[in-house]
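Colleague: Sharing a structure, written as structure tokens. Questions coming.
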Amino acid sequence: MIKNNEMIAGSNLEKVLRAGHFAVTGELGPPTNADKSIIDEKAEHLRGVVDAVNITDNQTAVVRMSSIAVAAMLIEKGLEPVVQMTARDRNRIAIQSDLLGAWALGAKNLLCLTGDHQIFGNHPEAKGVFDMDSIQMLAMMRDMHEKGIIQSGDDIDVPPTFFLGAAANPFAPPYEYRPYRLAKKIQAGAKFIQTQCIYNMPRFKEYMQRAGDMGLLDNVYVMGGVTPLKNVGMAKYMAKSVPGLDVPEEYIDRMRGATSGIPKENKKARRQALREEGIAICVETIQQLQEIPGMHGVHIMAIEWESAVPIIVEKAGLFPRPSV
Amino acid sequence: MKKGSWIQNYPKGLERLYKFAERVFLGLDGLWSGLGYDMSEKLIKPAEDLFKTVVFECNECGQCVLHYTGMTCPMNCPKQLRNGPCGGTRVNGHCEVEEDMECVWLNAFERSVKMPLYGEEIVNIEPIHNWIREGESAWINMLREKDGTYQDSTPEKLELADRELWE
Chain A
-2 MIKNNEMIAG SNLEKVLRAG HFAVTGELGP PTNADKSIID EKAEHLRGVV
48 DAVNITDNQT AVVRMSSIAV AAMLIEKGLE PVVQMTARDR NRIAIQSDLL
98 GAWALGAKNL LCLTGDHQIF GNHPEAKGVF DMDSIQMLAM MRDMHEKGII
148 QSGDDIDVPP TFFLGAAANP FAPPYEYRPY RLAKKIQAGA KFIQTQCIYN
198 MPRFKEYMQR AGDMGLLDNV YVMGGVTPLK NVGMAKYMAK SVPGLDVPEE
248 YIDRMRGATS GIPKENKKAR RQALREEGIA ICVETIQQLQ EIPGMHGVHI
298 MAIEWESAVP IIVEKAGLFP RPSV
Chain B
7 MKKGSWIQNY PKGLERLYKF AERVFLGLDG LWSGLGYDMS EKLIKPAEDL
57 FKTVVFECNE CGQCVLHYTG MTCPMNCPKQ LRNGPCGGTR VNGHCEVEED
107 MECVWLNAFE RSVKMPLYGE EIVNIEPIHN WIREGESAWI NMLREKDGTY
157 QDSTPEKLEL ADRELWE
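Those sequence lines, one after another, are chains A and B. Residues -2 to 321 in the working numbering are what the first sequence lists, from first letter to last. Residues 7 to 173 in the working numbering are what the second sequence lists, from first letter to last.
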């Protein structure tokens, strides 16, 4: 149980979590161009099936429409955003400035991230900023709220009071240090945590056990990250080529097995079978997560596959969403 | 490729050396303040640079946190993270950005657990770096912190009793 249950930002996500529901968040990756209609379309898949929608901030360092701009569009449509802010592209002046604006536009949830290194994106020649890290960003926003000061130490009259979140990755070495990094994030102000995509359930359970033993789960809402696999290629790619992701062989095998018995020429049926298997794995994962002490929700990252989210939420028995 | 030198594989000895050097240095504060910190900085900086570069691949950030981070310079991390590893450490313990390099923070953590004096400091929250300090003498800046000229590099203590790994 969460000890301090005092409302901070009063966002829908915060209310759902504090009311003790198993929360559901989705993710919307902004377009790589200036086309607003793409956002309209993606948002409709998520309407009513998630409690809030994360808007990624130039994920994997690929240039996309601004997270805060898209958040404002979602608010206009009546959906609740979780603004993602990375430290990769902005220094302390720009981050604070943008976040003052985000709050004024009505965004209430903020996920503080260090950000993927620019070398992985479409502008590897860019200068990475990294003026601060995610933990320092959290502390900065916490101090703005609690002490009424900006990073310089100067007073701020009307500070933003975001519902602050952070990411956690239990699946990368050094494993024993990861719970301490979680502890830092919680002390720095994180009220909710969205984890890296979970496939290796034993490793995740171990992490949660350790975090619980350390007393960390009394003060934070942990939401497990899940990503439905679309096909065998994606499973293999995530297993082999994405550092910090741990996809056990059994899931690649399951995806391979999904098309057995369907003739090669029937491409449509094979594709459908793969997607169904990916969704089935995702739903099983969510059901297992609900059994783990200290888990308060799920964060569904259906990469360029927003239409899968309503199906997953429904199959996991998490529909309809509570109104709080 | 490994950043730093073989001496870093002996963190326990290094932290003792650090503690000794710190004591001697602080003991001589009368001398440094007599000369003035600006003058002392000019005298000390070349020796400090030489030592720290050879042993730690120092990046001259001017706010040295070596003893808080397993006697491992965090400014060698491609993201210059001062609060722990990012989520991209490879399964083999290497950096996601520089594949041939071991993760700075993996090394920092593994060394910290062998350090009885300062090891557990690695859990504290390091404040945002002050870039004005870049290129200055971290040793003299330590004195400037002590006399109140500077006040920006004190880490926030982690309020957590569990320090099992460092006991």
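C-beta: ideal position from N, C-alpha, C; glycine also.
Tell me, please, which residues DSSP counts as bridged to Phe160 (chain A).
Modeller: Position 163 of the first sequence, counting from 1, holds the residue named residue 160 (chain A). In DSSP, Phe160 (chain A) forms a bridge with A:Asn106.
Colleague: Thr95 (chain B) touches chain A at which residues, Cβ-Cβ below 8 Å?
Modeller: The residue labelled residue 95 (chain B) in the question sits at position 89 within the second sequence. Here the neighbours are Ala169, Pro170, Pro171, Pro240, Gly241.
Colleague: Look up Glu108 (chain B) in the DSSP assignment and give the residues it is bridged to.
Modeller: Translated into the one-based positions of the second sequence, residue 108 (chain B) becomes position 102. BP columns for Glu108 (chain B) point to B:His100.
Colleague: Could you have a look at Phe201 (chain A) and say whether DSSP puts it in helix, strand or coil?
Modeller: In the first sequence, counting from the first residue as 1, residue 201 (chain A) sits at position 204. When secondary structure is reduced to three states using DSSP, Phe201 (chain A) falls in the helix class.
Colleague: Please determine, among B:Arg150, B:Ile146, B:Thr155, the residue with the shortest C-alpha to C-alpha distance to Ala27 (chain B).
Modeller: Numbered from 1 along the second sequence, position 21 holds the residue referred to as residue 27 (chain B). With distances taken between Cα atoms, Ala27 (chain B) lies closest to B:Ile146.
Colleague: Between Leu43 (chain A) and Ile300 (chain A), what straight-line distance do the alpha-carbon atoms span, to the nearest angstrom?
Modeller: The sequence position of residue 43 (chain A) within the first sequence is 46, counting from 1. The sequence position of residue 300 (chain A) within the first sequence is 303, counting from 1. Roughly 13 Å separates the two Cα atoms.
Colleague: Please tell me whether Glu127 (chain B) has its Cβ less than 8 Å away from any Cβ of chain A.
Modeller: Walking along the second sequence from the start, residue 127 (chain B) turns up at place 121. Using a CB distance cut-off of 8 Å, Glu127 (chain B) does not count as an interface residue toward chain A.
Colleague: Using a cut-off of 7 Å between C-beta atoms, extract the partners of Ile131 (chain B) located in chain A.
Modeller: As a working mapping, residue 131 (chain B) is identified with position 125 in the second sequence. Ile132, Ala136, Lys181, Gln184, Ala185, listed in chain order.
Colleague: Can you confirm whether the region 123 to 135 of chain B touches the region 87 to 98 of chain B when touching is taken to mean that 3 or more C-beta pairs between the two stretches lie within less than 8 Å?
Modeller: As far as the Cβ criterion goes, the region 87 to 98 of chain B touches the region 123 to 135 of chain B, which means the pair count is three or higher.
Colleague: Contact criterion: CB-CB distance below 8 Å. Does Val103 (chain B) meet it with respect to chain C?
Modeller: As a matter of chain content, chain C is missing from the structure shown, whose protein chains are A and B.
Colleague: My understanding is that Val60 (chain B) touches Ser118 (chain B), with C-beta atoms under 8 Å, so please give their C-beta distance in whole angstroms.
Modeller: Counting from 1 along the second sequence, the entry for residue 60 (chain B) is found at position 54. Counting from 1 along the second sequence, the entry for residue 118 (chain B) is found at position 112. Not quite, the Cβ-Cβ distance comes to about 22 Å (not below 8 Å), so this is no contact.
Colleague: By alpha-carbon positions, which one of A:Ser8, A:Lys39, A:Ala277 ends up nearest to Gly251 (chain A)?
Modeller: Sequence index remark: in the first sequence, residue 251 (chain A) carries index 254 (1-based). This sequence places Arg at residue 251 (chain A); Gly is not what is there. For Arg251 (chain A), the nearest C-alpha among the options comes from A:Ala277.
Colleague: Which whole-angstrom value describes the C-beta separation of Ile65 (chain A) and Ala104 (chain A), a residue pair presumed to lie in contact below a C-beta threshold of 8 Å?
Modeller: The residue given as residue 65 (chain A) occupies position 68 in the first sequence. The residue given as residue 104 (chain A) occupies position 107 in the first sequence. Between Ile65 (chain A) and Ala104 (chain A) a beta carbon distance of about 7 Å is seen, short of the 8 Å cut, so the two are scored as contacting.
Colleague: Assess, as a yes-or-no matter, whether the region 142 to 160 of chain A is touched by the region 203 to 216 of chain A under the definition of 3 or more beta carbon pairs within less than 8 Å.
Modeller: no
Colleague: Is Pro225 (chain A) near Trp302 (chain A), with beta carbons less than 8 Å apart?
Modeller: For this step, residue 225 (chain A) is matched to residue 228 along the first sequence. For this step, residue 302 (chain A) is matched to residue 305 along the first sequence. Result yes, Cβ atoms of Pro225 (chain A) and Trp302 (chain A) sit closer than 8 Å.
Colleague: Looking at Pro80 (chain B) and Cys101 (chain B), is the spacing between their C-beta atoms short of 8 Å?
Modeller: Locating residue 101 (chain B) in the second sequence gives position 95, where the first residue counts as 1. Locating residue 80 (chain B) in the second sequence gives position 74, where the first residue counts as 1. No, Cβ-Cβ distance for Cys101 (chain B) and Pro80 (chain B) is not below 8 Å.
Colleague: Pairing CB atoms from the region 118 to 136 of chain A with CB atoms from the region 67 to 86 of chain A, are three or more of them under 8 Å?
Modeller: yes
Colleague: Leaving out five residues on either side along the sequence, give the residues of the same chain with a beta carbon under 6 Å from the beta carbon of Thr192 (chain A).
Modeller: Position 195 of the first sequence, counting from 1, holds the residue named residue 192 (chain A). If we look at Thr192 (chain A) and ignore the five residues flanking it on each side, its Cβ neighbours are Ala165, Gly221, Gly222.
Colleague: Any Cβ of chain A within less than 8 Å of the Cβ of Ile146 (chain B)?
Modeller: Counting from 1 along the second sequence, the entry for residue 146 (chain B) is found at position 140. So no, Ile146 (chain B) is outside the interface.
Colleague: Would you please verify whether the beta carbon of Asp168 (chain B) is less than 8 Å from any beta carbon of chain A?
Modeller: Your numbering for residue 168 (chain B) matches position 162 in the second sequence. Closer than 8 Å to some Cβ of chain A, the Cβ of Asp168 (chain B) qualifies, so yes.
Colleague: Under 7 Å between beta-carbons, which chain A residues line up against Gln86 (chain B)? List them in chain order, please.
Modeller: In the second sequence, residue 86 (chain B) corresponds to position 80, counting from 1. Here the neighbours are Phe127.
Colleague: Does the beta-carbon of Ile283 (chain A) have 16 or more other beta-carbons within 10 angstroms, so that it is buried, or is it exposed?
Modeller: The count along the first sequence starts at 1 and reaches residue 283 (chain A) at position 286. Buried.
Colleague: If we cut at 8 Å on Cβ distances, does Gln56 (chain A) have a partner in chain B?
Modeller: Along the first sequence, one-based indexing puts residue 56 (chain A) at 59. Chain B contact via Cβ: absent.
Colleague: Quick check on the burial criterion: 16 or more other C-beta atoms within 10 angstroms. Buried or exposed for Phe57 (chain B)?
Modeller: For the purposes of this step, residue 57 (chain B) is taken as the residue at position 51 of the second sequence. Exposed: under 16 other Cβ atoms inside 10 Å.
Colleague: In whole angstroms, give me the CA-to-CA distance for Phe189 (chain A) and Phe168 (chain A).
Modeller: For the purposes of this step, residue 189 (chain A) is taken as the residue at position 192 of the first sequence. For the purposes of this step, residue 168 (chain A) is taken as the residue at position 171 of the first sequence. Straight-line Cα distance between these residues: approximately 19 Å.
Colleague: With respect to the beta strand (DSSP E) encompassing Tyr218 (chain A), which residues constitute its N-terminal and C-terminal limits?
Modeller: For the purposes of this step, residue 218 (chain A) is identified with residue 221 of the first sequence, where counting begins at 1. From DSSP, the beta strand (DSSP E) with Tyr218 (chain A) extends over 218 to 223.
Colleague: Is the distance from the Cβ of Ala58 (chain A) to the Cβ of Val79 (chain A) below 8 Å?
Modeller: Start at 1 with the first residue of the first sequence, and residue 58 (chain A) comes out as number 61. Start at 1 with the first residue of the first sequence, and residue 79 (chain A) comes out as number 82. Not closer than 8 Å, so no.
Colleague: Nearest to Arg318 (chain A) by alpha carbon, out of A:Asp128, A:Ala20, A:Ile5?
Modeller: Locating residue 318 (chain A) in the first sequence gives position 321, where the first residue counts as 1. Measuring from the Cα of Arg318 (chain A), the nearest candidate turns out to be A:Ala20.
Colleague: Determine the closest residue to Leu123 (chain B) out of B:Gln14, B:Ile13, B:Leu20, with distance taken between C-alpha atoms.
Modeller: Along the second sequence, read from residue 1 onward, the residue named residue 123 (chain B) stands at position 117. Nearest of B:Gln14, B:Ile13, B:Leu20 to Leu123 (chain B), Cα basis: B:Leu20.
Colleague: List, in order along the chain, the chain A residues whose C-beta lies closer than 8 Å to that of Glu116 (chain B)?
Modeller: Locating residue 116 (chain B) in the second sequence gives position 110, counting from the first residue. Going along chain A in sequence order, the residues near Glu116 (chain B) (Cβ under 8 Å) are Pro171.
Colleague: In chain B, which residues lie less than 9 Å from Arg89 (chain A) when you measure between Cβ atoms?
Modeller: Start at 1 with the first residue of the first sequence, and residue 89 (chain A) comes out as number 92. Within chain B, the residues near Arg89 (chain A) are Ile134.
Colleague: Run the proximity test for Gln284 (chain A): is its beta-carbon closer than 7 Å to any non-hydrogen atom belonging to the ligand GDP?
Modeller: The model depicted lacks the ligand GDP and carries no ligand whatsoever.
Colleague: Between Met7 (chain B) and the rest of its own chain, which residues show a CB-CB distance below 7 Å, the 5 nearest in sequence each way excluded?
Modeller: The residue you call residue 7 (chain B) lines up with position 1 of the second sequence. Because Met7 (chain B) carries a pLDDT of 47, less than 50, the predicted location of this residue cannot be relied on, and the following value inherits that uncertainty. Around Met7 (chain B): Asp106, Met107.
Colleague: Label Trp38 (chain B) either buried or exposed according to how many other C-beta atoms from any shown protein chain fall within 10 Å of its C-beta, with 16 as the threshold for buried.
Modeller: For the purposes of this step, residue 38 (chain B) is identified with residue 32 of the second sequence, where counting begins at 1. Classification for Trp38 (chain B): buried.
Colleague: Is the CB-CB distance between Asn82 (chain B) and Val110 (chain B) below 8 Å?
Modeller: Counted from its first residue, the second sequence places residue 82 (chain B) at position 76. Counted from its first residue, the second sequence places residue 110 (chain B) at position 104. A contact, by the Cβ cut-off of 8 Å.
Colleague: Indicate the three-state DSSP secondary structure (helix, strand or coil) for Asn30 (chain A) in the structure shown.
Modeller: For this step, residue 30 (chain A) is matched to residue 33 along the first sequence. Reduced to three states, the DSSP call for Asn30 (chain A) is coil.
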